[in-house]
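*Asks:* Supplied in structure tokens, the structure appears directly below.
There are 2 protein chains.
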Amino acid sequence: MSLPHALLTALLERPCSGSELAGRFDRSIGFFWQATHQQIYRELKRLEDLGWVTALEPEAGRGRKRAYQVLPAGREELRRWTGESREAKPLRDELMVRLRAEAVIGPTDLVRDIESRLGQHLEKLALYREIERRDFSDGADSRQRELRHLVLQAGLMAETLWVDFCRQAIAVLSADGPGNP
Amino acid sequence: MSLPHALLTALLERPCSGSELAGRFDRSIGFFWQATHQQIYRELKRLEDLGWVTALEPEAGRGRKRAYQVLPAGREELRRWTGESREAKPLRDELMVRLRAEAVIGPTDLVRDIESRLGQHLEKLALYREIERRDFSDGADSRQRELRHLVLQAGLMAETLWVDFCRQAIAVLSADGPGNP
DNA sequence: TCCTATTATGCAACTTGTTGCATAATGGGT
DNA sequence: ACCCATTATGCAACAAGTTGCATAATAGGA
């Protein structure tokens, strides 16, 4: 499970509150690991119980906003977890199941859906390219920046793959297409 | 959720029992959608309750093996589900979280793990190439075969991407490497 | 024949993630 | 002053997948 460690990473980058974390999970971190506000609040509480983070300004000025900060034990745990070795998770994609179903029960509307996915992946790709242009076009490359760029490149590669694959799939599904299988 | 429909697809390809399904989920179908025997037995029962499959030879010759067969309602449901439209699931990869953690807490043992992953992905890639050679080297292309080939190609593309990415990541992580950040 | 490994089935408890709803507080418009 | 949209936090129930264990039956070897 990655959520606690994703939270630790985000809080090390900058201490903040649950709702701010939720916002950040809709952007950068969330491109590769999503979490709802529910998961975040639940997990922050757990991290606090474990002594990995601590809440600042428990009931501060306006609102009830509570910022969290990583404690040394949390930083140590993050380091341990990051260096741990794991098996690569196998692929798991519903689209593949649906393509195999198509193969068995003949033509369906699947091609329409894949056309729509193609659009979604093209959008993501454009977004990632824009971010790359904005954040990584100059050549200043600290280790930190190189690693963040690397993660973005994974997104670029993955979306490119999906765009290619959707096009291939559409070609196959349309070949003996809507009219004459 | 794809499991019930993955099971329907597998049972349409060939009716069989829970344990046989588990075996098939370790091979072909399981390359893209994994399931434990627990999930399979639990789900088969549910599919039977829904009237989508029916059990043959309820307590046949040897063992207690019970083969399941898809009913017309199950076939209809599979068709409906296959044509349904969905949002593309966003990327979700623990490795990206760990790379971002690396960026924040400085050098860790992560590069060792990525080297090991590289090996795993190279193995998968070799396996998929072998399957492609064995099953798809002649040019006889029915719609069914083309679709199955397409799914395999997704696996080939994905593993190729991972191999490339692991090599890139190792390069970045080793650059200011173990000795001198 | 008996022992054991393998195959086949299943329950129960747990983890992770999702959904729907509830509540509190603030700030801006009227 | 009052209403209301927004922000921030949280509970409870559910859904999906995992893990550990249990049980039955048969096949094959000692």
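Heads up: the protein sequence lines correspond to chains A and B, in order. As numbered in our numbering, residues 118 to 298 make up the first sequence, in order. As numbered in our numbering, residues 118 to 298 make up the second sequence, in order. No residue lacks a Cβ here, since even glycine has one placed at the ideal position from N, Cα and C.
Please list, in chain order, the chain B residues whose beta carbon lies closer than 8 Å to that of serine 233(A).
*Replies:* By Cβ distance, chain B contributes Ser202.
*Asks:* CA-CA distance, arginine 131(B) and isoleucine 248(A)?
*Replies:* Cα to Cα, arginine 131(B) sits roughly 48 Å from isoleucine 248(A).
*Asks:* Give me the chain B residues within the contact set of alanine 184(A), using Cβ-Cβ distance strictly less than 7 Å, ordered along the chain.
*Replies:* Residues of chain B passing the Cβ test: none, with the nearest at roughly 18 Å.
*Asks:* Just the C-alpha distance for serine 233(B) and isoleucine 157(A), rounded to the nearest angstrom, thanks.
*Replies:* Going from the Cα of serine 233(B) to the Cα of isoleucine 157(A) covers about 31 Å.
*Asks:* Quick check: is the beta carbon of aspartate 252(A) nearer than 7 Å to any beta carbon in chain B?
*Replies:* No, aspartate 252(A) does not count as interfacial toward chain B.
*Asks:* Just mark histidine 154(B) as buried or exposed, buried being the case when its beta carbon has 16 or more other beta carbons within 10 Å.
*Replies:* Exposed: under 16 other Cβ atoms inside 10 Å.
*Asks:* I want to see whether chain A comes within less than 7 Å of leucine 267(B), judged by CB atoms only; does it?
*Replies:* It does: the Cβ of leucine 267(B) has a partner Cβ on chain A nearer than 7 Å.
*Asks:* By the three-class DSSP mapping on this structure, what secondary structure does serine 134(A) have?
*Replies:* Serine 134(A) falls in the strand class under three-state DSSP.
*Asks:* Check whether the Cβ atoms of tryptophan 169(B) and alanine 139(B) lie closer than 7 Å to each other.
*Replies:* No; because the gap between Cβ atoms is not below 7 Å, this pair is not in contact.
*Asks:* Leaving out five residues before and five after tyrosine 245(B) in sequence, what residues of the same chain have Cβ atoms less than 7 Å from its Cβ?
*Replies:* Same-chain partners within the cutoff: Leu269, Gly272, Leu273 and Glu276.
*Asks:* Measuring CB to CB, does lysine 182(B) end up less than 7 Å from serine 119(B)?
*Replies:* In this structure, serine 119(B) does not lie closer than 7 Å to lysine 182(B) by Cβ.
*Asks:* Are leucine 208(B) and phenylalanine 149(A) closer than 7 Å when you measure CB to CB?
*Replies:* Taking 7 Å as the Cβ cut-off, leucine 208(B) and phenylalanine 149(A) qualify as a contacting pair.
*Asks:* Below 7 Å CB to CB, which residues in the same chain sit around lysine 241(A) once its five sequence neighbours on both sides are set aside?
*Replies:* Answer for lysine 241(A): Glu276, listed in chain order.
*Asks:* Exposed or buried, which one is aspartate 255(B) when buried takes at least 16 other CB atoms within 10 Å?
*Replies:* Label assigned to aspartate 255(B): exposed.
*Asks:* Mind checking the stretch 209-224 of chain B against chain A and listing, in chain order, the residues whose C-beta falls within less than 7 Å of any C-beta there?
*Replies:* Answer set for the stretch 209-224 of chain B: Arg209, Asp210, Glu211, Met213, Val214, Arg215, Leu216, Arg217, Ala218, Glu219, Ala220, Val221 and Ile222.
*Asks:* Short of 8 Å in beta carbon distance, which residues of its chain neighbour arginine 284(A), apart from the five on each side in sequence? Order them along the chain.
*Replies:* The residues are Leu235.
*Asks:* Among residues of its own chain, excluding the 5 on either side of arginine 192(B), which ones have a beta-carbon nearer than 8 Å to its beta-carbon?
*Replies:* So the list reads Leu125 and Leu129, once near-sequence residues are dropped.
*Asks:* The alpha helix (DSSP H) that contains alanine 292(A), what's its start and end?
*Replies:* Residues 260-292.
*Asks:* Quick one: Cα of histidine 238(A) to Cα of leucine 173(B), how far?
*Replies:* Approximately 44 Å between the Cα atoms of the pair.
*Asks:* Buried or exposed: which applies to glutamate 176(B), given that a residue is buried once 16 or more other Cβ atoms fall within 10 Å of its Cβ?
*Replies:* At glutamate 176(B) the pLDDT is 44, less than 50, meaning the model places this residue with poor confidence and gives no usable figure here.
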